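Have a look at the structure below before the remarks.
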Amino acid sequence: MKTEEVLKVEHVSFRYEKENVLEDVTFSVPKGAFVGLVGPNGSGKSTLLKCILGLLKPQQGNIYLFGTPISEFKEWHRVGFVSQKANSFNTGFPATVYEVVASGLTAKLGLFRFLTSKEKQAVMEAIDAVGMGEFRQQNIGELSGGQQQRVFIARAIVSKPELLILDEPTVGVDVHHVQNFYNMLDELNRLGITLLLVTHDIGTITEKVTHVACLNKHLYFHGKADEFAQLKDHDLSKFYGHHLHVLSHQH
C-alpha cells in the first residue's frame, strides 16, 4: 500500500531576475514524516518554503499539497507555519499566551466570532501540547524567545493542521533549551502531525527526524535519516562548499 504524500515538489526551478535560486528540485513528504530541510545560507531554503506556501510561483515545475496543485489548493487550515518570529517579536505586544494561540483559529472561524467551549478546549490543548499551560494568562512579551516560539507553534497547531512547516524555529532560543524544543517537535510528530523543519542544526537532524533533504540550489540528498547519518564529512563538505564536521547533540 502506497504511503500518502502530504507534499510533493516536482522539478521546481525559481530565479530572481537572472539569478537561479532553485534548480530542478524534486522531493516528497509522506504522511507522518518528520523531514529536516538543511542547507547553507543562500541555498534557496526560504525561497522553496515561499513556493510551498503559495507566496511565490516557480518558473518551472509543480508543487502539490495533499495531491492538489498549489494553484488550486484552498484548504490552508490543513497547513500550519511557524517562522523565525521570536527573534524579532515586539515585547510590548499586549496579548496573553491564551489570546495569541486563540488567534490561530481566526482564519477558520472568522474575525469577530466568539469561541465555543469546544474551541476554547482546543486552545488549551494546543497550549498544553507545547508545555506552556502554566503561562497561559501571562503576557507573551514577558516570555523568553524559546517560550515565545512554543506559543507560536501552539498557535499554528490549534486548528489541528496535518502539515506543520517550521522555518528555523530555534532562532532566538537559548542554547540550553534547544534540545527540549526538539523533543517537543518529536512529540507533536508522534501525535500524527507531519513536520517539515528548516534548520542549520545538522547534528540534531539525524537524531530527531525521519527524513533529510539537503538543498543548495539543487537537491543533493533526499532520503531517510539513517542513510543521511552514514554520509561522510567530505561528502557533506562538498555539498556545503566548505569543510564541515557533523557533531551529535546526544549526551
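So for the sequence shown, our numbering puts the first residue at 5; every next one is plus one. For each residue, glycine too, the CB sits at the ideal point set by N, CA and C. Computed from a predicted structure; not experimentally measured.
Would you grab the beta carbon distance between I27 and H222 for me? Rounded to a whole angstrom, and I think it's under 8 angstroms.
-> What you label residue 27 is simply residue 23 of the sequence shown in a count that begins at 1. What you label residue 222 is simply residue 218 of the sequence shown in a count that begins at 1. Inspection of the sequence shows that residue 27 is occupied by Glu rather than by Ile. Confirmed, about 5 angstroms.
List the endpoints of the continuous beta strand (DSSP E) containing D190.
-> Within the sequence shown, residue 190 is the residue found at index 186, counting from 1. For D190, there is no enclosing beta strand (DSSP E); the residue is found in the alpha helix (DSSP H) stretching over V182 to R194.
Can you tell me which of I131, D190 and V213 puts its alpha carbon nearest to the alpha carbon of R159?
-> Counting from 1 along the sequence shown, the entry for residue 159 is found at position 155. Its Cα nearest to that of R159, the residue I131 stands out among I131, D190 and V213.
Alpha carbon of V42 to alpha carbon of I56, nearest angstrom | Sequence index remark: in the sequence shown, residue 42 carries index 38 (1-based). Sequence index remark: in the sequence shown, residue 56 carries index 52 (1-based). The alpha-carbon atoms of V42 and I56 are separated by roughly 16 angstroms.
Note down the Cα distance separating E138 from Q153, rounded to an integer number of angstroms.
-> Along the sequence shown, one-based indexing puts residue 138 at 134. Along the sequence shown, one-based indexing puts residue 153 at 149. E138 and Q153: Cα-Cα distance of roughly 16 angstroms.
Consider the Cβ of S17: report whether some Cβ of chain C lies at a distance smaller than 8 angstroms.
-> Checking the listed chains, one finds no chain C in this structure; it contains a single protein chain.
Return the CA-CA distance between L195 and V213, expressed in angstroms with no decimal places.
-> In the sequence shown, the residue the question calls residue 195 occupies position 191. In the sequence shown, the residue the question calls residue 213 occupies position 209. Roughly 14 angstroms between the two C-alpha positions.
Thinking F185 and T174 are a contact (beta carbons under 8 angstroms), I'd like their distance in whole angstroms, please.
-> Here residue 185 is taken as the residue at index 181 of the sequence shown, counted from 1. Here residue 174 is taken as the residue at index 170 of the sequence shown, counted from 1. That pair is a contact at about 6 angstroms.
Under the rule that 16 or more other beta-carbon atoms within 10 Å means buried, what is T51, buried or exposed?
-> Here residue 51 corresponds to residue number 47 of the sequence shown, with the count starting at 1. Answer is buried; the Cβ neighbour count reaches 16.
Alpha-carbon to alpha-carbon, V202 and Q64 | Start at 1 with the first residue of the sequence shown, and residue 64 comes out as number 60. Start at 1 with the first residue of the sequence shown, and residue 202 comes out as number 198. Spanning the two alpha carbons is a distance of roughly 22 angstroms.
The alpha helix (DSSP H) spanning A37 covers which residue range?
-> Locating residue 37 in the sequence shown gives position 33, counting from the first residue. Looking at the DSSP string, A37 is not in any alpha helix (DSSP H), and its letter there is neither H nor E.
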